[in-house]
Every structure is written in C-alpha cells, then in structure tokens.
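Participant: Please read through the structure below; I'll follow up with questions.
Protein chains: 2
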Amino acid sequence: MSGDNQIRFGLLTCTNIVRKLSRAINLSPNATISAIATTSSIEEAKSFTKSNNFPPNTKIHISYESLLEDPDVDAVYFPIPTRLHVEWATRAARKGKHILLDKPVALNVSEFDQIVEACEVNGVQFMDGTQWMHNPRTYKIKEFVNDLESFGQIKSVHCCFSFAANDDFLKHDIRVKPGLDGLGALGDAGWYTIQAILLANDFKLPKTVTALPGCVLNDAGIVLSCGALFDWEDGISATMYCSFLANLTMEITAIGTKGTLRVHDFVIPYRETETAFTTSGRGCVSEHKVMTELPQEACMVIEFARLVGEIKNRGAKPDGFWLSISRKTQLIVDETEASLPLNRKF
Amino acid sequence: MSGDNQIRFGLLTCTNIVRKLSRAINLSPNATISAIATTSSIEEAKSFTKSNNFPPNTKIHISYESLLEDPDVDAVYFPIPTRLHVEWATRAARKGKHILLDKPVALNVSEFDQIVEACEVNGVQFMDGTQWMHNPRTYKIKEFVNDLESFGQIKSVHCCFSFAANDDFLKHDIRVKPGLDGLGALGDAGWYTIQAILLANDFKLPKTVTALPGCVLNDAGIVLSCGALFDWEDGISATMYCSFLANLTMEITAIGTKGTLRVHDFVIPYRETETAFTTSGRGCVSEHKVMTELPQEACMVIEFARLVGEIKNRGAKPDGFWLSISRKTQLIVDETEASLPLNRKF
C-alpha cells in the first residue's frame, strides 16, 4: 500500500505501551504515525519520537484536544486511564477520528454505550487494543474449538492470567488506583481471560456470571485478584482466575466432547513470531506451531487500519464485530464486578 | 525381599481393574497374590488367574467371606461398588486383613468413619487405591509446590479430569448407577482432582467448598459432570471440573507467587515409565522428566506392602497418613455433593 493510503495514527502520551504500539505501526504496511500528544514537555516528546523511530515529520501536540483537531490524523490510539475513556473516546468520535482503545474499554457498559453511540453517530471504526486476539495463532485456536469433528461440543473452559506485580506497581500503577482504572485486576488481566472464554464459546454470552469467593482487594477496594464462574445451557461452564499477586501464568484449557485445547502463553506469546498450542483427542496429543511474520500488536494495527481504510477509501460502514466483542467482554466484567463478595466504591 | 516376607494379597472379583492390580503386585518385590474370590464360576477364575500370571498356587474362593477367612491372606484389594465398601472393609478389618480400597472410599464420610474405626480397633493398615499419588513424579510435584524459593506461596489451583464415556458406560457402568457408586463423576473423576488440589495445598482443608452451577445429572440423579470451588484464607482458591462427558483431560495448573506448575496427564501418565511436568518462574519455562522403573500402580502396591510389612514383621502401628488423605478427600466430596444445586437421592 502506498504511503498516501496509509492510515495515519495519532498517539496519546509518551509511555511504554505507546512505544510498543508505535513499533507495531511502523511494522504495519497500511499504517503510519502522523502525530503524538503529550501533556508533559515538548522536548521529552521529541526525544521519545526520535528514539522510537517515529516518522521525522510527526507532529507534536501539547494537548489531546489539539491532536483531535489535527486533519492529518485518521485514527487515535488511547492508552489512557479507563476513567478517561468515555470523555476522550466520545470527543474523538465527534471529530471523526477512528478509535483504538485500550482495555478495559470503560468502567462499565453504560459508559461504553456512550462511546458506542458516538462511534455509530459519527461513522467511526472502533476496536479495543487486545492484541492477542489478532495473533494468527488465535485464528487457528478458534478454528479448532469450532471444529465439530476434532473438538466437538464445548463443555468446559478454564482460563487464567496472573502476574506477580512488584511493590512499585502495587503502590503506584494506575491499575490499582480508584480514581483511574477502578476495575483493577478484573479489568486488566481478567479482560483477557473473559475474552478467551468468550472466544472458546463462539462469543455466546453466558447464562450466569458469578464471582468466586476469595477475591483480594487493596486498601482502596481495588481488586488485586479474583475468579469467576460462567455457565451456559447444557452443562457448559467456564472458570477464570486473574491476579496481580501470582506468578506469570497465561493459560487456556478448553475441553470439548472430542478434543482438548491447551495454550500456555495466550496473552503474550513466549516467542514473537513462532507460537504454539496443544490439542488432544482420539488418544493423540499434537503440538501445533503457528509462524507469524509480524508481532501480534502489528497484526492488530493492520486489521484496524484495514477496516479504517475501507471506510476512508471505499466509503464502507464501520465494522461492528470488534465493538460487539468489546461490549460483551465489558458486560461480563460488569457482572463479575457486581457479584464480587464485597461492596466497593471507585 | 524373600518370598516369605512378601505381603500376600487377596483380590476380589475377576475384573479389568484386578487384572491391572495383579500385574502391579507381580511387579512388586514385596508383594504376592495368594488368593482371589469370585462370585461367578471357578472355571472363569482359574482362566483369569492363568491368563494374568497369578502364582500357580493362588487359592480361588467362591465368596468374599471365604477369602476373608483365609489365613494366607494379609491384605485385601477391594475393587467393588462404593455402596459395598463399608460392609466389606469393616468385615475385612475385623478379620485382621489390611485394606487397599478403591476410591471413592465410601458414599460419605460417616460411612468412611466406620471403616476408619474398624481399622483402628483391629490395627490394620488402610490405603485408598489412588495410583497417581504414588507415582515418583507426584513426589517431585509436591517438592516443587512446597518450595518457597521456586514456587512461593500457593495462590490458585485448577484441576480437571474428564473423559468421554461411551454409551455403554453411560447406561451400564456402576459409576452411573444409584445403587452402586452413587457419587458418579464426583466420586470417580472428581476424587482425583480433589486429591490433587489437596496435595497442592499441603493437604490443608479449604475454608469453604461450593459446587458450581451447571452440573449435569443423568435420569437417576447421578452426577455426570460438575465443578466446584474451594477457598482458603489469604485469597487462595481452587477450582475443579470433573466429567464423564468431555474429552480425556487430566490437568493440574497450580500458581504460586513465584512459580507455576503444569501437569497434563496427572491421573494416568501418557507414558508408564517416563513422566513429565512443566514449571515456570523467573521468566523461564522448564520441562521436567521423571523416570520410573515401575508403573505407578506398582509403586502404590510397594508402598502399601511396605507399611503392612512394618506391622506384620516389626510390630509397628498402622500408618495414618494415607487414611487421613482419604478422609479429607471424602469430606470435600461430601461437601461438594451437599452444595450441588439439585437435591438428589441415591
């Protein structure tokens, strides 16, 4: 794709996650970086853009507002605290900017619905920034769990994502602060597990959602660790566990009537360009390798820019698939949160 | 060990599980088969003993009573329906026979306590027939989850054991019959998962036990599939899933603050004499291999016969360790059963 047809990203903040995403955009043939907004110093932003190989003509804005006014920005990536999502995503939509929004997409589904409405009214594309969903391995996994011959009917899924946050994270990270990402480990690590469970169930919402006893909160009432149960008709059930307090584990075990899927590194693959998963059934255990030329975050950018390109260059309507997945995930996060054993405010 | 010091087993029934256990006894240097009881024809029993390489002088009894009277029997293996355990195990204990009893050990803990009492009063050794607990790999797993440096404090365990039973099993097996093994998949597949979860928690009983919604029962009210949650202090939790209706899966995922354990074939290892498990922590994933000269069922027989030998040859008292594990497992089975969403009778 020629440079003229590349989708031009505006990025908010000079943070590590933007560093990772800017590399992904640079690796994506259909996307480029046109601007960044910083709320700290321009000097710092200049140094950030240089050290991360941003295009030399990247504009630096000194406010989010200013970036949203930039006519050379097609789409905005928002790695900002969840509490700010509804304000900035709706403002961006009203300015006709397509939206790549970090998870969790909002503090609750009614906030998210404001974003949905703004996207619909303004015809902008929405996607949440859950990178592993775009890994080619994920498509292979989906193919396996949908295969009635090899996997059969789904019966049970267990998914966990935990990492042992250090003291600094547990004191200062936005994910443990009531004013910022009030959903804590549930909105962060839990988001991935819920989306994996939805994927294994062909994105069908469960019949009931129940937080499990034994959740751990910090002094401000933010979830540091919790689990939940989901169940569907016909004895289909799933459990998830998410935690900031346990060793790095990123596991999916999905069991069908005929096959079993195991993934050990579903969120961030051990290797960037060679991923694996295991299936078993009919007495055989098989290791599958999936080679990918690009890291999963670039796959995400390419898919997002492709959808934006359809709108920008071909007059297509926004594609609602990813938005619907985000909404379902947020719904389950909300239901889990509502059934947590303790009442909390944030 | 010379033949004179071998523990002499009496076996009940000519069934497949006795075939497997007789092979294990034949492989165990400290055990031998001295008798078998059949309730069908002597001819059939003779052919069974021959085709399974029983010692040529194995006595054939035509009733369980008769085997229990046999002075050449030190210990009895009971692969009989759970409903019959309390009667036959207590009768065996009163005859001074040591007891290797299949799981689940009883229909409930109060029945099991009658067996416990009979064993104590009569000074006989008790062990349940959960073979994987005696696999050398299990000791290595235990070592890992107890290691505060590599594994840290336990936080979460998920364990599942499922297999897709065929129509014949689902119609006729004793494990789906109210009059025989009334605990269904919970007492069978669930037993293993509960013992694995106890093992990972250093055999500490959980604070609460809750069956999860979505259990599947057959027309007679027997559990074909269910799940449960267990939780301890300090946000430590475990979930289990057991099923006769899903593909063969035998998974332990235990997460500590510093390490993670994964076992994919904990109940019946893929290979008899070379087993594996995976640990991760500090950014490394390690595959561990454990070589075993003998299959795990022979390891179980050797350990049981060793304990019986201590009593028979050295005047030791019965060792209460395995009995205490059985009792804890039965307690959790009972609690899970009691919290199942439907009231059932069996």
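As you go down the protein sequences, you meet chains A and B in turn. Counting from 1, position 172 in the first sequence corresponds to residue 172 in this note's numbering; the numbering is continuous, with no gaps. Plus 1000 on top of the position in the second sequence (first one is 1) and you've got this note's numbering. Glycine included, C-beta positions come from ideal geometry on N, C-alpha and C. Quick caveat: nothing in here was measured; it's all calculated off a predicted structure.
1) Give a yes or no on contact between the segment 242–249 of chain A and the segment 147–165 of chain A, applying the rule of three or more CB pairs nearer than 8 Å.
2) Should I1033/B go down as buried or exposed, given a rule of 16 or more other Cβ atoms within 10 Å for buried?
3) With which residues is E1274/B paired in a DSSP beta bridge?
4) So, at 7 Å on beta carbons, what are the nonlocal neighbours of N1122/B in its own chain, with the 5 sequence-adjacent residues on each side left out?
5) So if I threshold CB-CB distances at 8 Å, which residues from the segment 1244–1267 of chain B count as touching chain A?
6) Is the CB of G1281/B under 7 Å away from at least one CB in chain A?
7) Restricting to Cα atoms, I'd like to know which of N1053/B, P1056/B, T1013/B is closest to S1040/B.
8) Any beta carbon from chain A within less than 7 Å of V1216/B's own beta carbon?
9) Might you give, ordered along the chain, the residues of its own chain that have their beta carbon closer than 6 Å to the beta carbon of T1292/B, omitting 5 neighbours on each side?
10) For E1267/B, which of helix, strand or coil comes out of DSSP?
11) Just to confirm my understanding: we take I255/A, look at its own chain, exclude 5 residues before and 5 after, and list those with CB closer than 7 Å. What are they?
12) Which residues in chain B have a C-beta closer than 9 Å to the C-beta of G309/A? List them in chain order.
13) On the three-state DSSP scale, how would you describe I236/A?
14) Considering only the beta carbon of each residue, do V1308/B and A1089/B sit closer than 7 Å?
15) I want to see whether chain A comes within less than 7 Å of G1227/B, judged by CB atoms only; does it?
16) Measure the alpha-carbon distance for G1348/B versus V1223/B and round it to whole angstroms.
17) Does the distance from the C-beta atom of F1126/B to that of L1261/B stay below 7 Å?
18) Give the range of the beta strand (DSSP E) segment to which F1009/B is assigned.
19) So, do the segment 1175–1192 of chain B and the segment 1097–1110 of chain B have three or more beta carbon pairs nearer to each other than 8 Å?
20) According to DSSP, which residues form a beta bridge with V209/A?
21) Using beta carbons (cut-off 7 Å, strictly below), is D382/A in contact with chain B?
22) Might you give, ordered along the chain, the residues of its own chain that have their beta carbon closer than 8 Å to the beta carbon of Q330/A, omitting 5 neighbours on each side?
23) Would a C-beta distance cut-off of 7 Å place F1266/B and W1132/B closer than the cut-off?
24) Touch check for the segment 1282–1300 of chain B and the segment 1193–1203 of chain B: three-plus C-beta pairs under 8 Å?
25) Less than 7 Å between CB atoms is the rule here; does S162/A satisfy it with respect to chain B?
26) With 7 Å as the threshold, decide whether the Cβ of T239/A is near any Cβ in chain B.
27) Measuring CB atoms only, is the segment 18–26 of chain A touching the segment 297–308 of chain A, in the sense that at least three cross pairs come out at less than 8 Å?
28) State the DSSP-derived secondary structure class of N108/A, mapped to helix, strand or coil.
29) Would you say G1190/B and C1119/B are within 7 Å of each other, going by their C-beta atoms?
30) If D231/A and T257/A are in contact, beta carbons under 8 Å, what's the gap, nearest whole angstrom?
31) Using Cβ-Cβ distances below 8 Å, what residues of the segment 156–189 of chain A are close to chain B?
32) For the putative contact between G259/A and S150/A, defined by C-beta atoms under 8 Å, what is the C-beta separation to the nearest angstrom?
33) Tell me which residue opens and which closes the beta strand (DSSP E) that E1149/B is part of.
34) Residues of chain B with CB under 8 Å from P295/A, in chain order?
35) Only counting runs of 3 or more residues, tell me where the beta strand (DSSP E) segments fall wholly within the segment 56–80 of chain A, in order along the chain.
36) Helix, strand or coil for A1165/B? Go by DSSP, reduced to three states.
Facilitator: So, from the listed chains and residues:
1) These segments touch.
2) I1033/B is buried by the Cβ-count criterion.
3) DSSP, once it has assigned bridges, lists M1291/B as partnering E1274/B.
4) The beta carbon of N1122/B sits closer than 7 Å to those of A1093, R1094, G1096, all from its chain and outside the five residues before and after it, given in chain order.
5) Considering only beta carbons, the part of the segment 1244–1267 of chain B lying closer than 8 Å to chain A consists of L1245, A1246, N1247, L1248, T1249, E1251, T1253, I1255, G1256, T1257, K1258, G1259, T1260, R1262, H1264, in chain order.
6) Yes, G1281/B counts as interfacial toward chain A.
7) Taking only the C-alpha atoms, the option nearest S1040/B is T1013/B.
8) Under the Cβ distance rule, V1216/B counts among the residues neighbouring chain A, one pair being separated by less than 7 Å.
9) Cβ within range, chain order: P1136, T1273.
10) The sequence as given places Val at residue 1267/B; Glu does not occur at that position. Note: V1267/B maps to coil in three-state DSSP.
11) Cβ contact annotation for I255/A (same chain, cutoff 7 Å, sequence separation greater than five): K155, S156, in chain order.
12) In chain order: nothing, as chain B lies at least about 38 Å away.
13) DSSP, reduced to helix, strand and coil, places I236/A outside both helices and strands of the structure shown, so it counts as coil.
14) Going by beta carbons, V1308/B and A1089/B fall outside the 7 Å limit.
15) G1227/B counts as touching chain A.
16) Residue 1348/B is absent from the model: chain B starts at 1001 and stops at 1346.
17) No, they are not a contact pair.
18) First-last of the beta strand (DSSP E) with F1009/B: 1007–1012.
19) Yes, since at least three Cβ pairs between the segment 1175–1192 of chain B and the segment 1097–1110 of chain B fall closer than 8 Å, the two stretches touch.
20) DSSP lists F230/A as partners of V209/A.
21) There is no way to answer for residue 382/A, as the model of chain A reaches only from 1 to 346.
22) The residues are P104, V105, A106, N108, V109, F112.
23) The criterion of a C-beta distance shorter than 7 Å is satisfied by F1266/B and W1132/B.
24) Short answer: they don't touch.
25) Yes, S162/A counts as interfacial toward chain B.
26) Output row for T239/A: interface = yes.
27) The answer is yes - the segment 297–308 of chain A touches the segment 18–26 of chain A, with three or more Cβ pairs under 8 Å.
28) In the three-state scheme derived from DSSP, where H, G and I count as helix and E and B as strand, N108/A is classed as coil.
29) For G1190/B and C1119/B, no; Cβs fall outside 7 Å.
30) Not quite, the Cβ-Cβ distance comes to about 17 Å (not below 8 Å), so this is no contact.
31) Within the segment 156–189 of chain A, the residues whose Cβ lies closer than 8 Å to some Cβ of chain B are S156, H158, C160, S162, A164, listed in chain order.
32) Yes, G259/A and S150/A are in contact; Cβ-Cβ is about 5 Å, under 8 Å.
33) First-last for E1149/B: undefined, no H or E at that position.
34) By Cβ distance, chain B contributes nothing, its closest Cβ being about 18 Å from P295/A, past 8 Å.
35) List check, beta strand (DSSP E) in window: 59–61, 75–78.
36) The answer is coil: DSSP assigns A1165/B none of H, G, I, E or B.
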